[in-house]
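Numbering (numbering that gives the first Met the number 0), first residue to last: 0 to 342. The beta-carbon is built from N, C-alpha and C at its ideal position, and this holds for glycine as well. Please read these numbers as outputs of a predicted model, since none were measured by experiment. Structure first, commentary second.
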Amino acid sequence: MVKKRIIIFCILLISIYTNLSAQTIQSRAYPQNYFRYPLDLLPHTTAGSFGELRPAHFHSGLDFKTNQRIGYPVYAVNDGYISRVRVQYGGFGRAIYITHPNGYTTVYGHLSAFTPAVAALVKAYQYEHQTFEADFKLQPTQVPVCKDDVVAISGNAGASAGPHVHFEIRDTQTEETINPQLFGLTIPDQVPPTITSIGIYHLNGNPFSEKFAAGYYDEIGLGVDFTARDIQSKHKEKGLPWELAKAFDGSAPISAFVSKAKFADIYNINFKLDINGETRQQGNTSNLLFSFESIIAFVSRYITLKKGDLIFTGTPAGVGKVAVGDRLEGYMEGEKMLDFQVK
Ligand SMILES: [Zn+2]
């Protein structure tokens, strides 16, 4: 008969006890259909969407297509006033900002022309500052606009790879850009998505943060993790998975659990494993390389942790063999937690 050589580990176990309450993502209630589309070209199509990845940033608005040409009227999406005008070599090229009374500001970029009133203000600024580039703010009474007013002509100015209107909606106070589609400016899309790769995210319960992980376990116990080393080396040699070497009946005897409240300091718990009355492994939780909290936080990023789950946290030095007939006893703070014989 071939004797199985078995390696033992003395390991601390912790049990996960709590359920995370379901978290709902709350979205701000944005006014629906308050803003019209900035162009009259139907159907409304875009060459760029909000949040799209660009070389050094996320795209901050919608790029409305203009039939590969410039010269279309651009409309004020609602009442307000032109609050800022910008002329750049790159960037938006020519842009206007309209501030609306409902707390939002809309931005129109890559324009080919301003209205005569705005063009006059730009020219005055350029002469005064002797620069082509301009960026200035306007008072609410200078250029008020009404919904549907033509406020500019579409173009291809600045850093633009083709004629289009770059349109943004910003929070006037914070200048935070918001997806225009959240305001009801939706873009019909008949093209079904093509799957090119699949990523799997942890959705059933969020990952635990290390800061709060202490609240997610309440008991500590001892466990022994047996490895059938003969099977493992054979499988390693052949490049096969070691599953059978780590998981077989009786491969992980576990003690009863003790409330962590019973310990003055969970990072100062002595534990040991005796074989046939002789101490083979002993350790103290102060020697853990990673705290229980960081282990829980790490594991939860990859595996959904639920009430009743156990985590083996690590083993002190002294990993060794056991033979049939050996008696194993595990202790925590001098108290016997495990006592069994290898069969
Ligand atoms: Zn754009």
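Check: residue i C-beta below 6 Å from any heavy atom of ligand 1
{"i": "GLY47", "result": "yes"}
{"i": "ASP62", "result": "yes"}
{"i": "HIS56", "result": "no"}
{"i": "HIS165", "result": "yes"}
Rounded separation between residue i and residue j - CA only
{"i": "SER20", "j": "ILE294", "result": "No answer about SER20 holds up, because its pLDDT of 40 lies below 50 and its placement is not dependable."}
{"i": "ASP170", "j": "GLN129", "result": "32 Å"}
{"i": "ARG326", "j": "ASP217", "result": "29 Å"}
{"i": "ASP264", "j": "GLY319", "result": "29 Å"}
{"i": "ALA251", "j": "LEU288", "result": "22 Å"}
{"i": "ASP229", "j": "THR303", "result": "32 Å"}
{"i": "THR312", "j": "VAL321", "result": "21 Å"}
{"i": "ALA160", "j": "GLY47", "result": "11 Å"}
{"i": "GLU51", "j": "THR114", "result": "31 Å"}
{"i": "VAL142", "j": "TYR301", "result": "55 Å"}
{"i": "LEU337", "j": "ILE274", "result": "11 Å"}
{"i": "PHE63", "j": "PRO192", "result": "20 Å"}
{"i": "GLN22", "j": "ASN286", "result": "Confidence at GLN22 is low in this model, with a pLDDT of 40, below 50, so the placement of that residue should be treated as unreliable; the coordinate-derived value is given next. Between GLN22 and ASN286, the C-alpha separation is close to 35 Å."}
{"i": "ILE197", "j": "ILE152", "result": "42 Å"}
{"i": "GLU127", "j": "GLY79", "result": "27 Å"}
{"i": "GLN231", "j": "PHE225", "result": "11 Å"}
{"i": "CYS9", "j": "LYS237", "result": "For CYS9, the predicted model reports a pLDDT of 46, less than 50, meaning its position is unreliable; a value from the coordinates is still stated below. Each residue's alpha carbon lies about 28 Å from the other."}
{"i": "LYS305", "j": "GLN180", "result": "37 Å"}
{"i": "GLN138", "j": "ALA94", "result": "17 Å"}
{"i": "PRO257", "j": "GLY276", "result": "The residue you asked about is not Pro; residue 257 is Val in the sequence shown. So the alpha carbons of these two residues sit roughly 23 Å apart."}
{"i": "THR278", "j": "LYS342", "result": "20 Å"}
{"i": "TYR33", "j": "THR105", "result": "12 Å"}
{"i": "HIS109", "j": "ILE194", "result": "33 Å"}
{"i": "LYS385", "j": "PHE247", "result": "Residue 385 lies beyond the range of the chain shown here (0 to 342); nothing can be said about it."}
{"i": "GLY60", "j": "VAL164", "result": "10 Å"}
{"i": "LYS235", "j": "GLU242", "result": "11 Å"}
{"i": "GLY307", "j": "TYR215", "result": "11 Å"}
{"i": "HIS99", "j": "VAL144", "result": "9 Å"}
{"i": "TYR96", "j": "PRO187", "result": "26 Å"}
{"i": "THR314", "j": "SER208", "result": "24 Å"}
{"i": "TYR103", "j": "ILE168", "result": "7 Å"}
{"i": "ALA244", "j": "MET331", "result": "27 Å"}
{"i": "GLY317", "j": "LEU272", "result": "10 Å"}
{"i": "LYS261", "j": "GLY222", "result": "19 Å"}
{"i": "ILE253", "j": "ALA55", "result": "52 Å"}
{"i": "VAL190", "j": "PHE49", "result": "18 Å"}
{"i": "THR65", "j": "LYS210", "result": "51 Å"}
{"i": "GLY249", "j": "LYS259", "result": "26 Å"}
{"i": "TYR124", "j": "ARG53", "result": "32 Å"}
{"i": "GLU174", "j": "VAL117", "result": "22 Å"}
{"i": "VAL150", "j": "PHE57", "result": "27 Å"}
Strand pairing of residue i, partner residues [DSSP]
{"i": "TYR36", "result": "Beta-bridge pairing links TYR36 to no other residue."}
{"i": "ASN283", "result": "ASN269"}
{"i": "GLN340", "result": "ARG326"}
{"i": "THR171", "result": "In the DSSP output, where bridge partners are listed per residue, THR171 has none listed."}
{"i": "LEU52", "result": "PHE57"}
{"i": "PRO72", "result": "ILE152"}
{"i": "ARG85", "result": "ALA94, ASP134"}
{"i": "THR278", "result": "ASP273"}
{"i": "VAL164", "result": "PHE63"}
{"i": "PHE256", "result": "BP columns for PHE256 are empty, so no partner."}
{"i": "VAL142", "result": "Answer by DSSP bridge pairing: none, since VAL142 is not bridged."}
{"i": "ILE177", "result": "ILE168"}
{"i": "TYR103", "result": "ASP170"}
{"i": "GLU334", "result": "MET331"}
{"i": "GLY79", "result": "VAL144"}
{"i": "THR45", "result": "PHE63"}
{"i": "GLY108", "result": "HIS165"}
Any non-hydrogen atom of ligand 3 closer than 6 Å to residue i Cβ
{"i": "VAL298", "result": "Looking for ligand 3 in the displayed structure turns up nothing; the ligands present are ligand 1."}
Cβ of residue i within 7 Å of any chain B Cβ
{"i": "GLN141", "result": "No chain B appears in this structure, which consists of one protein chain only."}
Presumed contact (8 Å Cβ cut-off) between residue i and residue j, rounded CB distance
{"i": "GLY92", "j": "ALA156", "result": "2 Å"}
{"i": "ILE310", "j": "THR284", "result": "In fact, because the Cβ distance is near 14 Å, the residues do not count as touching under 8 Å."}
{"i": "LYS146", "j": "ASN101", "result": "Not really, about 12 Å apart at Cβ, beyond 8 Å."}
{"i": "LEU120", "j": "VAL86", "result": "Incorrect: roughly 11 Å between the Cβ atoms, too far for contact."}
{"i": "GLY282", "j": "PHE270", "result": "6 Å"}
{"i": "ASP148", "j": "TYR74", "result": "7 Å"}
{"i": "GLN31", "j": "PHE182", "result": "7 Å"}
{"i": "GLY154", "j": "ILE81", "result": "Contact doesn't hold; Cβ gap of about 17 Å is too wide."}
{"i": "GLN340", "j": "GLY324", "result": "7 Å"}
{"i": "LEU41", "j": "TYR71", "result": "Not a contact, Cβ separation roughly 12 Å."}
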